[in-house]
Structure formats: C-alpha cells, structure tokens
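Engineer: Residue numbers (our numbering): 238 to 480.
Just passing along the structure, written as structure tokens.
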Amino acid sequence: MASDKAVVLVSGGLNSAVLAAMAKQEYPAMAMLHVRYGHRAQERETELFEKLAAHFEVREQLTVDMPHLAAIGGNARVSRKVQLQDALALTGGESNCNVRGLVGSLLSAAFAWAARIEAKHVYIGVAENLGPPAPPTASLYPEYSHEYLHLFNHLYTIASPSRDISLAAPLMNLSRTDIVKLGHRLSVPFDLTWSCLSSGTQMCGACVGCATRNRGFLDAAVPDPVMLAAQRAAAAAAAVGAY
238 MASDKAVVLV
248 SGGLNSAVLA
258 AMAKQEYPAM
268 AMLHVRYGHR
278 AQERETELFE
288 KLAAHFEVRE
298 QLTVDMPHLA
308 AIGGNARVSR
318 KVQLQDALAL
328 TGGESNCNVR
338 GLVGSLLSAA
348 FAWAARIEAK
358 HVYIGVAENL
368 GPPAPPTASL
378 YPEYSHEYLH
388 LFNHLYTIAS
398 PSRDISLAAP
408 LMNLSRTDIV
418 KLGHRLSVPF
428 DLTWSCLSSG
438 TQMCGACVGC
448 ATRNRGFLDA
458 AVPDPVMLAA
468 QRAAAAAAAV
478 GAY
C-alpha cells in the first residue's frame, strides 16, 4: 500500500544510516534516495549508500546527480580552492562548508520521487544540534533547523494535490551521542558509514564531521569500527616501516 512506503534520504553518513534503520522498522517497503552534488566525499558516500541499500534489502533506490550545486560553488565542501575548516576553530556562524540550497534541493527531489512512487512520507536525518566539540549545527548550516523543515513541510502540503506527503526529521533533537546510542540499539552497521567532509580512504579526524563523530562514539562508549580499522591500518604501516 502507498501509505506503507517512505522515501528516506541517505547520504552514506552516520545520521542517515541510523535514520534508515528507524524507517525500516516502521516502513519495511521504504525507498532510499541518494544525491551526488560534486562534493569531496561523493565517491565514498555513494559506495556506502549502495552497501547500506543492500544491507537494508531495499527494493527501490535512486541516485540523483545535482551538478548545479558544485557549479555554483563558493564553499569548501564542493570547491577544492576553499580550505576545510578545523572543527576546533569553529566559533559559531555559518560554516564555509555550508552548501546553500542543499537541503532544499534534497527535499525537492525526495518530494518528486515520493509522488512518483506513491510514498506518503519523506525522512531526512538532519539534527539541529550535534553538540560539542563544534557549535550547534543549525548555526553552521542554517537549513538544518526546525523552522526550515517546518516551512518545507508546509510546501509539501501545498504542492501535493491530495496533501498527503509529509516530511519527518526524527533525529532533529538528538545529539551525536544520542544518535550513536540509538544506532547501536538498532544494530546499524557503523562500518558502512562515513562522516568526513574530505575525500580519501581514511577520515581526516579534524573536520566538523569527524570531530562530532569521534565525540559521539566516545561519549556513547561504543567502539567506532571505522576509526578502529584506520588505527589498525596505521599500526600495520608503522610496523612495516620499522623493518
């Protein structure tokens, strides 16, 4: 039935993996939507999105390219000419990693696909305040706020002739620690998630994505399989170099 289906926006990040696990419990026939917009971590995130779709046994999945966001540029997430900010240097205010229009573009694509496949719900994994060591997320990325999503949900009701597509952000009030704990309870495959804003085979450990992830796992007292794998790889490389 149409009412038993939800479109879940999944980036390949920690929040969206936990979100998918939540949605799967309520909507077994969920569909997963992934967006590529020319950002630094694009290839890694797409790879993990596909693995998460397989893990959750999703029958309907869609990847959409939005090159206009990279073409517009002006931020460190899509432009290699702009240096990524260190999380510890952030004091509040808009981050230079903020992609203006990103959340609006994501929600517009999700709405269109939901209408196409007759899904009644759209899920997005934004959280307004991920907590230390960075400032509140909504101050860094203004579109990650209650007000913005509330207005977009109203747009959904206007744009849908039958007014039957709703927007949900169930992680909005959770800290990163809360999200890790929830994911742990839901047996989320944390090894299939990526939080770093940069490209590469290992997370940088310094950007806001890495810093809040590390703090979240530490405070939740849950081992992070991605960081553990990186530490093992570094130790192995050091051992080889010692000979």
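Quick reminder that beta carbons are idealized off the backbone N, C-alpha and C, glycines included.
The structure presented is a predicted model; accordingly, all values stated were derived computationally and were not measured.
Which residue's Cα is closest to the Cα of A349: L256, V245, L321 and Y381?
Structural biologist: Here residue 349 refers to the residue found at position 112 of the sequence shown. The candidate whose alpha carbon is nearest that of A349 is V245.
Engineer: Buried or exposed: which applies to P460, given that a residue is buried once 16 or more other Cβ atoms fall within 10 Å of its Cβ?
Structural biologist: Within the sequence shown, the letter at position 223 stands for residue 460. Answer is exposed; the Cβ neighbour count stays below 16.
Engineer: Under the three-state reduction of DSSP, which class applies to D198: helix, strand or coil?
Structural biologist: The requested residue 198 is not part of the displayed model; the chain covers only 238 to 480.
Engineer: From the DSSP output, in three-state form, read off V459 for me.
Structural biologist: The residue labelled residue 459 in the question sits at position 222 within the sequence shown. In the structure shown, V459 sits in coil (DSSP, three-state: anything other than H, G, I, E or B).
Engineer: Helix, strand or coil, according to DSSP, for R353 in the structure here?
Structural biologist: The residue you call residue 353 lines up with position 116 of the sequence shown. It is helical.
Engineer: To the nearest angstrom, how far is the alpha carbon of A239 from that of V315?
Structural biologist: Taking the first residue of the sequence shown as 1, we reach residue 239 at position 2. Taking the first residue of the sequence shown as 1, we reach residue 315 at position 78. For A239, the pLDDT reaches just 43, beneath the cut-off of 50, and the residue's location in the model is therefore unreliable, although a value from the coordinates is still provided. Looking at the two C-alpha atoms, the distance is approximately 36 Å.
Engineer: If S253 and G362 are in contact, beta carbons under 8 Å, what's the gap, nearest whole angstrom?
Structural biologist: Locating residue 253 in the sequence shown gives position 16, where the first residue counts as 1. Locating residue 362 in the sequence shown gives position 125, where the first residue counts as 1. Yes, they are in contact, since the Cβ atoms of S253 and G362 sit about 4 Å apart, within 8 Å.
Engineer: I'd like to confirm the pairing. Which residues does DSSP put opposite R270 in its beta bridges?
Structural biologist: Along the sequence shown, read from residue 1 onward, the residue named residue 270 stands at position 33. The question names Arg, but residue 270 is Leu in the sequence shown. DSSP, once it has assigned bridges, lists L246 and L299 as partnering L270.
Engineer: A475 to S342, Cα distance in whole Å?
Structural biologist: What you label residue 475 is simply residue 238 of the sequence shown in a count that begins at 1. What you label residue 342 is simply residue 105 of the sequence shown in a count that begins at 1. Rounded to the nearest angstrom, the two C-alpha atoms are 44 Å apart.
Engineer: Specify the secondary structure class of H358 as computed by DSSP and reduced to three states.
Structural biologist: On the sequence shown, position 121 is the one that residue 358 refers to. In the structure shown, H358 sits in a strand (DSSP, three-state: E or B).
Engineer: Whole angstroms are fine: how far does the CA of L377 sit from the CA of A470?
Structural biologist: Locating residue 470 in the sequence shown gives position 233, where the first residue counts as 1. Locating residue 377 in the sequence shown gives position 140, where the first residue counts as 1. Rounded to the nearest angstrom, the two C-alpha atoms are 32 Å apart.
Engineer: Could you check where the alpha helix (DSSP H) with L256 kicks off and where it finishes?
Structural biologist: Stepping through the sequence shown from its first residue, residue 256 is reached at position 19. Its alpha helix (DSSP H) spans residues L251 to E263.
Engineer: Alpha carbon to alpha carbon, what distance is there between E384 and L285?
Structural biologist: In the sequence shown, counting from the first residue as 1, residue 285 sits at position 48. In the sequence shown, counting from the first residue as 1, residue 384 sits at position 147. Rounded to whole angstroms, L285 to E384 spans 30 Å at the Cα level.
Engineer: Looking at V295 and M269, is the spacing between their C-beta atoms short of 7 Å?
Structural biologist: Within the sequence shown, numbered from 1, the residue matching residue 269 stands at position 32. Within the sequence shown, numbered from 1, the residue matching residue 295 stands at position 58. Against a cut-off of 7 Å, the Cβ pair of V295 and M269 comes out as a contact.
Engineer: Applying the 10 Å Cβ sphere with the 16-neighbour rule, what's the burial state of S399?
Structural biologist: Within the sequence shown, numbered from 1, the residue matching residue 399 stands at position 162. By the 10 Å Cβ count, S399 comes out exposed.
Engineer: Could you please give the first and the last residue of the uninterrupted beta strand (DSSP E) stretch that includes S376?
Structural biologist: Along the sequence shown, one-based indexing puts residue 376 at 139. No beta strand (DSSP E) contains S376, which is instead part of the alpha helix (DSSP H) from T374 to L377.
Engineer: Using the beta-carbon count (16 or more within 10 Å), is T328 buried or exposed?
Structural biologist: What you label residue 328 is simply residue 91 of the sequence shown in a count that begins at 1. Exposed, by the Cβ-count rule.
Engineer: Please report the straight-line C-alpha distance between N333 and I395, rounded to a whole angstrom.
Structural biologist: Locating residue 333 in the sequence shown gives position 96, counting from the first residue. Locating residue 395 in the sequence shown gives position 158, counting from the first residue. Between N333 and I395, the C-alpha separation is close to 33 Å.
Engineer: My understanding is that A324 touches A258, with C-beta atoms under 8 Å, so please give their C-beta distance in whole angstroms.
Structural biologist: In the sequence shown, counting from the first residue as 1, residue 324 sits at position 87. In the sequence shown, counting from the first residue as 1, residue 258 sits at position 21. Not really, about 26 Å apart at Cβ, beyond 8 Å.
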